[in-house]
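Let me begin by presenting the structure, written as structure tokens, before commenting on it.
Number of protein chains: 2
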Amino acid sequence: MTTATFAPEHDHQQCVSKALGTAEHLCLLRGVQLTPIRHQVLELIWSSHKAVKAYDLLDLIKPLQQAAKPATIYRALDFLIEQGLIHRVESLNAFVGCRCSDQQHEQLLLICSQCQEVEERSAADVMKTLAQEAEQAGFVIHSKAVEIHGVCGKCASKVQS
Amino acid sequence: MTTATFAPEHDHQQCVSKALGTAEHLCLLRGVQLTPIRHQVLELIWSSHKAVKAYDLLDLIKPLQQAAKPATIYRALDFLIEQGLIHRVESLNAFVGCRCSDQQHEQLLLICSQCQEVEERSAADVMKTLAQEAEQAGFVIHSKAVEIHGVCGKCASKVQS
DNA sequence: TTGAGTGTGTTATATTGTAACAGTCACAGA
DNA sequence: TCTGTGACTGTTACAATATAACACACTCAA
Ligand SMILES: [Zn+2]
Ligand SMILES: [Zn+2]
Ligand SMILES: [Zn+2]
Ligand SMILES: [Zn+2]
């Protein structure tokens, strides 16, 4: 498992096990089923910090679930999104693991166009400002998608060197 | 042309002619061609303040351009986006006219799930906060997509009444 | 006149996402 | 024990969104 490097020094296996542990715990608490398929999909999404496409997931899961079809994946994705365990990256039609599924949840996604990694930040102040702006417009917020494209610090420093 | 009502009192024909006028002017200034097809697509997008789907545009333009195919539409859309005359609404896979194509450009989109209308706000303070947040993360911004889903003031007041 | 650039026509195909119905399993209530 | 209900999955078919690739026409300038 040497694919992903998120921070300069970074044991990604820890990211994965933390995410899966949290997911298992939350689903137990909530009385919802993290079935084998859902667990596998979540694990596959967490195989890196990149956003993963649904049909790539389909290819990846086929060795494990020969019967897998698009619906298999999309159902699992729907579940994981409902439970706040992953996010859909609207501007990529792709999916990324959520790092803070246990906390309250206003994600801001920083998407690097070099390495494709997606960093999630809670960005409380951004969200507060956003809420104010919406309120001024008399707008009642249901959900937010805040996606920033650019180049992450890691990739920026690589270019310089 | 009685389809759209954006503000409570609102002469939408003015929105359209202003948008088209600005577009013609900007394209002239920039030495790029607002060809008939591109002009028609822009006008169709401006037929309301709702976001329009590419294939709906295709149906709409067919009476005017019998030869129209998906590529016809997507090429026009690419051009219009490049020129900042429309925005792609990532979370809807749809397109909406830009109200401020002449000004600096940090759009925040308020998308009403009742009436489907999209209101664009410049939201300078939101964008500043966002920029700060990105900077903290060492992230160099190329583009932003800030899309808020909810219920607009108009629809909210309708529900009450 | 010729070559480059731009825009369009055309065909085919890739990618992304849903609908609809059937089968299985577990568990609760009669 | 029966039986029905809900949750999950299997399966087929298809809808919706988007792009690739190549051909043709037109303009403008070297
Ligand atoms: Zn990691
Ligand atoms: Zn990067
Ligand atoms: Zn209007
Ligand atoms: Zn509305």
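Read top to bottom, the protein sequences are chains A and B. Residues 1 to 161 in my numbering are what the first sequence spells out, letter by letter. Residues 1001 to 1161 in my numbering are what the second sequence spells out, letter by letter. Ideal placement from N, C-alpha and C gives every residue a C-beta, glycine not left out. In this text the structure is predicted, and so the values were computed from the model without any measurement.
With a Cβ-Cβ cutoff of 7 Å, do residue i and residue j count as a contact?
i               : j               : result
residue 149(A)  : residue 1142(B) : yes
residue 146(A)  : residue 92(A)   : no
residue 152(A)  : residue 1079(B) : no
residue 170(A)  : residue 118(A)  : Examination of residue 170(A) is not possible in this model, given that chain A is present from 1 through 161 alone.
residue 57(A)   : residue 73(A)   : yes
residue 1129(B) : residue 11(A)   : no
residue 1103(B) : residue 1064(B) : no
From residue i to residue j, what does the alpha carbon distance come to, in whole angstroms?
i               : j               : result
residue 89(A)   : residue 136(A)  : 27 Å
residue 81(A)   : residue 43(A)   : 14 Å
residue 1132(B) : residue 111(A)  : 16 Å
residue 1071(B) : residue 95(A)   : 27 Å
residue 1004(B) : residue 1097(B) : Because the pLDDT of residue 1004(B) is 41, which lies under 50, any placement of that residue in the model is unreliable, and the question is left without a value.
residue 121(A)  : residue 1144(B) : 15 Å
residue 1114(B) : residue 9(A)    : 47 Å
residue 1163(B) : residue 53(A)   : Past the boundaries of the shown model lies residue 1163(B); chain B is included only from 1001 to 1161, so the question cannot be answered.
residue 1024(B) : residue 35(A)   : 56 Å
residue 1030(B) : residue 18(A)   : 52 Å
residue 1101(B) : residue 1020(B) : 11 Å
residue 1116(B) : residue 1055(B) : 17 Å
residue 1155(B) : residue 1013(B) : 22 Å
residue 1015(B) : residue 1046(B) : 8 Å
residue 123(A)  : residue 1158(B) : 33 Å
residue 86(A)   : residue 1028(B) : 46 Å
residue 134(A)  : residue 127(A)  : 10 Å
residue 99(A)   : residue 83(A)   : 13 Å
residue 62(A)   : residue 69(A)   : 9 Å
Which bits of chain B does residue i rub up against, with CB to CB less than 9 Å?
i              : result
residue 133(A) : 1108, 1110, 1121, 1123, 1125, 1126 and 1148
residue 152(A) : 1137, 1138, 1139 and 1140
At a CB-CB cut-off below 9 Å, which residues of chain A make contact with residue i?
i               : result
residue 1156(B) : 138, 139 and 140
residue 1101(B) : Ordered by position in chain A, no residue passes the 9 Å Cβ test against residue 1101(B), which lies about 20 Å from the chain.
What are the boundary residues of the alpha helix (DSSP H) that residue i is part of?
i               : result
residue 41(A)   : 36-45
residue 12(A)   : 12-30
residue 80(A)   : 70-82
residue 1051(B) : Looking at the DSSP string, residue 1051(B) is not in any alpha helix (DSSP H), and its letter there is neither H nor E.
Please compile the residues from chain A whose C-beta is within a distance smaller than 8 Å of the C-beta of residue i.
i               : result
residue 1090(B) : 90, 91, 145 and 147
residue 1077(B) : Per Cβ cutoff of 8 Å: no residues; residue 1077(B) is ~15 Å from chain A at best.
What residues of chain B sit near residue i, judged by a beta carbon separation below 8 Å?
i             : result
residue 52(A) : Correct list: empty, because the minimum Cβ distance to chain B is about 17 Å.
residue 44(A) : Here the premise fails: no neighbours, minimum Cβ distance about 23 Å.
Within the continuous beta strand (DSSP E) that includes residue i, where are the two ends?
i               : result
residue 1151(B) : 1140-1151
residue 1123(B) : From DSSP, residue 1123(B) is part of no beta strand (DSSP E); its letter is neither H nor E.
residue 87(A)   : 86-89
residue 108(A)  : 108-112
residue 1094(B) : 1094-1097
Below 7 Å on C-beta distance, what does residue i contact in chain A?
i               : result
residue 1047(B) : Those do not exist, as residue 1047(B) stays about 23 Å from chain A at its closest Cβ, beyond 7 Å.
residue 1129(B) : 125, 126 and 129
What do you reckon, is the C-beta of residue i under 6 Å from a heavy atom of ligand 5?
i             : result
residue 98(A) : Because ligand 5 does not appear in the structure shown, any question about it cannot be addressed here, the ligands present being ligand 1, ligand 2, ligand 3 and ligand 4.
Practice item. When you get a sec, list the residues whose CB is within less than 7 Å of any heavy atom of ligand 4, chain order please. Key: 1112(B), 1114(B), 1115(B), 1117(B), 1151(B), 1152(B), 1154(B) and 1155(B)
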